[in-house]
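Enquirer:
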Amino acid sequence: MTDPDGQSGEWLLVTTFRGVVGKVVAKSRAPEAVLEDSQDLLRALKKVRALGVVTDMSLLAKEAERVIRAAIAHRSPKVGEQPVAFRDHFFRPIASPAVSGADTVFAVWLWVGLDGIIPPEPPVTAAWAWDIKARPALATYGPGVGPLYRRDDLRPGKQYDINEIAAIVAPTVDVSAIAPLLLEPVDGTTFALAPEPDRGQDGAVSLAAMRAITEVVYDPDLERWEWRGVTWDVTHVDPPSITPQRVLAQMLAGPDVWTATAYWSPIQLVSMTGSRQRPAELRLDPSTHKADLRPDSRAEVRRMLEELDVAESATARIWLGVHDGGYAPYDVAAVRLRDSTVPAAAVSLRRASQ
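The sequence shown maps to residues 0 to 353 in numbering that gives the first Met the number 0.
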């Protein structure tokens, strides 16, 4: 028997960032609501509607934890060996893990429902980690990344420069608030995100709404600081917002134009739009991952920033280093985003004819 509406049970998202059963941070009945204060598993089980009012939840909690641990150990879905009886009903937990690019489990969707019921699929979910001390920072994704972002070119386990991956995962969040948490990491820091990436292909726009729960983890075995997270799709219940930033960026985007939303003071990239993540011909500094700006163009950049402090828009022609040697001219156009909480602009970059 199937249960398309989940009336006979519920999926609970349990974090396992450190290889052990953590907290419940989301539920399938309202996947768009991230429980940042979290709930321990026993408390969350007591609120599962299908279970009704049960005074002793310990047996089911123990079986649920056992199934979660089995999913962590085997990195594959697991089903409870024996149903747990409550009154006149039997319940059997099911665990579906979100596997990281390092072949570990960062979270588990736990189904708690009537035995014999085939549950609906849990939200499409991907696990990921950033090596935040690497320069540039490196992102690694698990096998769920392709289905989540509808990208066949994203490879589980491959390390991506975050400057290259930003065009795909582009979170619509205040980067200035997150940056300090990663620049000066504290083990155990947890926070949620609400990305709204564009999953469109070949120039078509297909905005998605997602949620993510993340944790800063120091791995003593690897002697590495990681920002670990799981991201899941909530587009079907909470469609993405169409912000002025998105509309403007889409208007500017084109086959020969690189478009981004950026903050300044300090300058930092927020998101990118269009088919090109950045002009492929640009020569980047291998240590800073920044473009090579010809010295005489720095004054033009400073002038643009000064103009944007008082004007709606600014333009400039700058010279950037390219792979075939020397520098090439680029026309830059920036339009101030006045509804942003921090100084921000939509910026387009186009190769200019010499």
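Built from N, CA and C at the ideal position, the CB exists for glycine as well.
1. Between 157, 177, 40, which has its C-alpha nearest residue 188's C-alpha?
2. Starting from the C-beta of residue 158, find all residues in its chain whose C-beta is less than 6 Å away, skip the five residues before and the five after it, and write them out in chain order.
3. When the Cα atoms are used, what is the spatial distance from residue 268 to residue 22?
4. Taking the DSSP output, what are the residues bridged to residue 335?
5. Quick check: the Cα distance between residue 32 and residue 294, rounded to an integer number of angstroms?
6. For the pair the segment 100–108 and the segment 6–15, tell me if three or more CB-CB distances fall below 8 Å.
7. For the candidate residues 226, 218, 205, 221, whose alpha-carbon lies nearest to that of residue 212?
8. Need the endpoints of the beta strand (DSSP E) that residue 319 sits in, please.
9. Between residue 348 and residue 209, what straight-line distance do the alpha-carbon atoms span, to the nearest angstrom?
10. Around the Cβ of residue 77, are there at least 16 other Cβ atoms within 10 angstroms (buried) or fewer (exposed)?
11. If I measure Cβ to Cβ from residue 60 and keep anything under 7 Å in the same chain, skipping five residues before and after, which residues do I get?
12. Can you tell me where the beta strand (DSSP E) with residue 138 in it begins and where it stops?
13. Compare the C-beta of residue 96 against all C-beta atoms of chain B and say whether one is closer than 8 Å.
14. Report yes if the C-beta distance between residue 215 and residue 186 is below 8 Å; otherwise report no.
15. Go ahead and label residue 305 buried or exposed: buried means 16 or more other beta carbons lie within 10 angstroms of its beta carbon, across all protein chains shown.
16. Run through the DSSP bridge pairs and tell me what residue 207 is partnered with.
17. Using only the alpha-carbon positions, how far apart do residue 378 and residue 228 sit?
18. From the DSSP output, which residues share a beta bridge with residue 93?
19. Please report the distance separating the alpha-carbon of residue 191 from that of residue 232.
20. How about residue 101 and residue 70: are their beta carbons less than 8 Å apart?
Expert: In short, the structure shows the following:
1. Locating residue 188 in the sequence shown gives position 189, counting from the first residue. Of the listed residues, the one whose Cα sits closest to residue 188 is 177.
2. Sequence index remark: in the sequence shown, residue 158 carries index 159 (1-based). These residues qualify, in order along the chain: 137, 139.
3. By 1-based counting over the sequence shown, the position of residue 268 is 269. By 1-based counting over the sequence shown, the position of residue 22 is 23. Bear in mind that a pLDDT of 45 at residue 268, under 50, signals an unreliable position, so the number given afterwards is only what the model happens to contain. Those two C-alpha atoms are separated by around 32 Å.
4. Walking along the sequence shown from the start, residue 335 turns up at place 336. In the DSSP output, where bridge partners are listed per residue, residue 335 has 344.
5. Indexing the sequence shown from 1 puts residue 32 at position 33. Indexing the sequence shown from 1 puts residue 294 at position 295. Looking at the two C-alpha atoms, the distance is approximately 48 Å.
6. yes
7. Locating residue 212 in the sequence shown gives position 213, where the first residue counts as 1. Of 226, 218, 205, 221, the residue nearest in Cα terms is 226.
8. What you label residue 319 is simply residue 320 of the sequence shown in a count that begins at 1. From DSSP, the beta strand (DSSP E) with residue 319 extends over 312–320.
9. Along the sequence shown, read from residue 1 onward, the residue named residue 348 stands at position 349. Along the sequence shown, read from residue 1 onward, the residue named residue 209 stands at position 210. So the two alpha carbons sit approximately 28 Å from each other.
10. Within the sequence shown, residue 77 is the residue found at index 78, counting from 1. Buried.
11. Position 61 of the sequence shown holds residue 60. Correct list, in chain order: 40, 41, 44.
12. Indexing the sequence shown from 1 puts residue 138 at position 139. Unbroken beta strand (DSSP E) run through residue 138: 137–140.
13. Of the chains in the structure shown, none is chain B; there is only one protein chain.
14. Within the sequence shown, the letter at position 216 stands for residue 215. Within the sequence shown, the letter at position 187 stands for residue 186. A contact, by the Cβ cut-off of 8 Å.
15. Taking the first residue of the sequence shown as 1, we reach residue 305 at position 306. It is exposed - the Cβ of residue 305 has fewer than 16 other Cβ atoms within 10 Å.
16. Taking the first residue of the sequence shown as 1, we reach residue 207 at position 208. Looking at the DSSP assignment, residue 207 forms no beta bridge with any residue, so it has no partner.
17. Absent from the model: residue 378. The displayed extent of the chain is 0 to 353, so no value can be given.
18. Working through the sequence shown from its first residue, we reach residue 93 at position 94. DSSP, once it has assigned bridges, lists 78, 110 as partnering residue 93.
19. Working through the sequence shown from its first residue, we reach residue 191 at position 192. Working through the sequence shown from its first residue, we reach residue 232 at position 233. Their Cα atoms are separated by approximately 14 Å.
20. The count along the sequence shown starts at 1 and reaches residue 101 at position 102. The count along the sequence shown starts at 1 and reaches residue 70 at position 71. Contact flag unset, no.
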